[in-house]
Amino acid sequence: MSVAHILLSRGLVTPEQLAEAQALQRAEGLRLDHALVQLGVLTERQILAVMAEHLDIPLVNLDDITPDPETLRSLPSKIVYRKRLFPVSRSNGTLNVATSDAFDLYAFDELRLATGLDIQPVLAPRDDIEKLIKSHFGLGGDTLDEMVGADDGPAAVTGEPSDDLMEAAQEASVIKLVNEIILEAVHERASDIHIEPYEHHMSIRYRIDGVLQEASVPPQMHRFQAAIISRIKILANLNIAERRIPQDGRIKFNVGGRQVDVRVSVIPMLFGEGVVMRLLDKSNVLFTLQQLGMDDGTFGTFKGLIERPHGIFLVTGPTGSGKTTTLYAALNAIVGPELKVITVEDPVEYHLHGVNQIPVHHQVGMTFEKGLRAILRHDPDVVMIGEIRDLETAAAATQAAMTGHLVLSTLHTNDAASAPMRLVDMGVEPFLVASTLVGAMAQRLVRRICPKCKQWAEPDLANLPKDLVLEPGARLARGVGCPNCRNTGYRGRSGLYELLVTSDAISELIIARAPSHRIIHAGRDTGLRLLREDGWVKVRQGVTTPDEVVLCTAL
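If you read the sequence shown in this note's numbering, its first letter stands for residue 259, the second for the next number, and so on.
Structure representation (C-alpha cells):
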C-alpha cells in the first residue's frame with residue numbers, strides 16, 4: 259500500500275488535499291510528503307510517523323539522545339552537514355543514524371563506504387536533526403567546509419589585515435556564514451550576538467534570556483574572522499578599512515516576514531575587532547503588560563496612573579531590566595486617536611504606531627532636555643522621555659507635568675522608593691517632586707521555567723531563603739533541561755514589579771527629604787509590594803525559581 263493510500267485510509271488527508279499536493283508535486287518536482295508539509299496539510303512529524311510504520315524504521319525523539327564522543331567521531335562532518343544526518347548510537351559494527359529522509363539511499367551508501375560500518379537509519383524531524391548538528395558539530399560547519407575546500411577566495415583570508423578583505427567579504431560563502439550566525443540568534447531568541455577574537459580561536463556567544471551562552475563553533479572559524487567581521491561592517495555601512503577606532507552602525511533585514519533591526523558596535527581588540535550586535539525584533543516588543551508578568555492587581559493600579567491627565571510616572575531599575583519595554587507597553591495601553599503622544603529616545607529602538615518618536619542626537623545638541631522643551635510646543639497629551647539623566651531634563655519633565663502633560667520616563671535606582679529622592683538629589687525642589695510625581699515602579703527580569711521540562715518537587719527547606727514563606731507540603735517547580743531551553747531549564751523572562759503610588763503621606767515625606775525606608779513604610783498603606791515579595795509570588799506560582807529571584811533582588 260502506498261503512502262498516499264495510507265494517509266487517505268487513516269483520514270489524515272482528504273482526497274481534495276491529496277489532489278492539491280499531487281498538483282504541487284508535479285509543478286515543482288517535489289516528493290508527495292514534502293508537498294503535503296509545504297501546503298501545511300500535515301506536519302513533518304505526522305508524515306514521519308506514517309513513514310516509520312510503512313517502512314518499518316523507528317521514529318525517535320532526539321530530545322532523549324546524548325551521543326557519546328566516539329559515535330560522533332564515526333561520521334565525517336562533511337557528510338553530516340551535506341546530508342543532514344546525525345549519529346545516534348553505535349554498537350556491534352552498526353551505526354544508527356537519524357535522518358528525515360528515509361529514501362536517500364545514496365547517503366547511506368556513502369556513509370557505509372566512509373565509515374566501514376553497517377548503517378541503520380532512524381527517523382527524526384529535520385529541525386531536530388539540525389539543532390543537534392549545530393550543537394555537536396558547530397554553527398556554520400557546512401559553509402566553513404566549502405570555504406576551506408575552495409581553491410581561492412576567502413579561504414586565503416586569515417585574521418591578518420588584507421588588501422582583499424572587500425572581495426573576501428562579498429564571497430557567497432562568507433555572506434551565507436554571516437547570515438547563519440544572525441539567523442541562529444533570531445531562532446534562539448537572542449538579544450545580542452558577541453563575536454570575540456582571541457589568539458587561536460574566535461568565540462561567538464548569544465545572550466539568551468539575559469545570560470550569555472557559548473555557541474558551538476568549528477575551530478576553522480578562526481581562519482575567516484577578518485572576512486566575517488568585514489561582511490558585518492559592510493552590512494552596517496561601516497568603513498572596513500578602519501580597524502583602529504570604534505564604529506557603530508545598523509542593519510535591517512527580514513526573517514520569515516518579521517522585521518529585525520540590528521545595532522552593530524565594532525571595537526578594536528588585541529587580536530582583531532570585537533563585534534556586538536543588538537537584535538531588536540519588532541515582533542517581540544509590543545507586549546501587553548500582563549504578558550510581561552504584571553498581575554491584575556498591579557496592572558489595575560498602574561493603568562490608573564498612566565491614564566491620569568498630568569504628572570510624572572517613573573520606571574526604575576538597572577540597565578537591561580526591561581524599563582523601555584514596559585514604557586512601550588504602557589503607551590500601547592493608552593494610545594488612541596484622542597491622544598497626541600510624543601517620545602524622545604536615545605536611540606529610537608522600536609517604531610510605535612500612532613506615536614511621534616524623536617531620536618536624540620548629542621552631536622548636534624539635540625538632548626533629552628532640548629527635545630522635551632521643543633515638543634511641548636507640539637501640544638502633546640503624553641510625553642515619554644527615554645531617561646532622566648540630569649537636572650536639566652528633570653526640571654523640564656517637572657515643568658511639563660505642572661503644565662498639564664503626562665510624562666513617562668526611566669531612572670536608574672534600585673527600588674521605587676528611591677526615585678523621588680533621586681530627583682531631589684539632581685536638584686529638583688522637593689515640593690515640585692511631591693506635587694508632580696504620581697508614582698514610581700521598580701522592576702527586574704527573571705527567567706521563566708521552561709514549560710517543556712518543568713517539574714514540581716518537594717523543596718529543600720534548609721536551602722531556601724528565609725523570607726520565602728510556603729504553605730505546609732507546598733511544592734516548587736524547576737526546569738530539568740531540554741533542547742527547547744538549551745538545557746538551561748529556563749525559556750523566556752517575566753517581570754517583577756514594585757509599584758509605589760504617591761499618597762499624601764509620601765508627598766509629605768518627600769518634602770521632608772525622608773529616607774527611602776520611611777517612604778517604603780508609608781507605601782505599605784497603599785498596597786506596596788516589594789520586588790522580592792512579587793518574586794516569591796511567582797515562585798509559588800511556578801513561574802520562576804528561588805535562585806532567579808535571589809539573583810536579581812539580592813538584599
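Even for Gly, the Cβ is constructed at its ideal location relative to N, Cα and C.
The C-alpha of Asp-783 lies about 34 Å from the C-alpha of Leu-630. Where Val-795 is concerned, the enclosing alpha helix (DSSP H) starts and stops at 789-798.
Contact check for Glu-756 against Leu-789 passes: the beta carbons are separated by less than 8 Å. Annotation for Val-682: the continuous alpha helix (DSSP H) segment containing it runs 677-684. Per the coordinates, the alpha-carbon of Lys-724 lies some 45 Å from the alpha-carbon of Val-318. In this structure, the straight-line span from the alpha carbon of Ser-761 to that of Ile-778 is close to 12 Å.
Straight-line measurement puts the Cα of His-459 at about 22 Å from the Cα of Pro-504. Restricting attention to Gln-701, Ala-700, Met-699 and Val-682, the CA atom closest to the CA of Ala-692 is found in Val-682. In this model, Gln-378 and Phe-344 are separated by some 12 Å (Cα to Cα).
Distance from the CA atom of Ala-382 to the CA atom of Gly-753, rounded to whole angstroms, is 36 Å. It is roughly 38 Å from the alpha-carbon of Arg-465 to the alpha-carbon of His-568.
In the assembly as shown, Asp-673 is a buried residue. Its beta-carbon has 16 or more other beta-carbons within 10 Å. By the CB criterion at 8 Å, Gly-396 and Asp-376 fall outside the cutoff. The beta strand (DSSP E) runs of length 3 or more contained entirely in the segment 740-787 are, from start to end of the chain, 748-759.
In the three-state reduction of the DSSP assignment, Leu-537 falls in the strand class, which pools E and B. Non-local C-beta neighbours of Gln-713 in its own chain, meaning closer than 8 Å and more than five positions away in sequence, comprise Ala-735, Arg-736, Gly-737 and Val-738, ordered along the chain.
With a beta-carbon spacing of about 6 Å, Leu-547 and Ala-591 fall inside the 8 Å limit used to define contacts. Secondary structure at Pro-504: coil, using DSSP grouped into helix, strand and coil. From the listed residues Ala-360, Val-759, Val-338 and Gln-304, the smallest Cα separation to Gly-562 is found for Val-759. Of all C-beta pairs linking the segment 699-707 to the segment 613-624, fewer than three are shorter than 8 Å, placing the two stretches out of contact. Ala-356 counts as buried, since no fewer than 16 other beta carbons sit within 10 angstroms of its beta carbon. Taking a C-beta distance under 8 Å as the contact criterion, Leu-435 and Ile-486 qualify as a contact pair. Shown here, Met-309 sits in a helix according to DSSP, grouped into three states.
Nearest neighbour of Gln-471 by Cα position, chosen from Ile-769, Ala-310, Arg-744 and Asp-362, turns out to be Arg-744. The alpha-carbon separation between Gly-644 and Glu-603 amounts to approximately 5 Å. In terms of Cβ geometry, Ser-332 and Arg-342 do not form a close pair [threshold 8 Å].
Val-533 sits close to Val-522, with the two beta carbons spaced by under 8 Å.
Linking Thr-746 to Asp-386 through their CA atoms gives a straight-line distance of about 17 Å. In this structure, DSSP gives Val-271 a state outside helix and strand, which the three-state scheme calls coil. DSSP places Ile-525 in the uninterrupted beta strand (DSSP E) bounded by 516-527. Counting along the chain, the unbroken alpha helix (DSSP H) around Ala-658 starts and ends at 649-660.
Thr-601 places its beta carbon 8 Å or farther from that of Met-552.
Collapsing the DSSP output to three states places Lys-712 in a strand. For the set Trp-794, Glu-368, Val-665 and Leu-538, the Cα lying nearest the Cα of Val-573 is the one of Val-665. In the DSSP assignment, Asn-590 falls within the unbroken alpha helix (DSSP H) covering 581-592.
Cβ-Cβ distances below 6 Å link Pro-316 to Val-380 in the same chain, with the five nearest sequence neighbours on each side left out; the list follows chain order.
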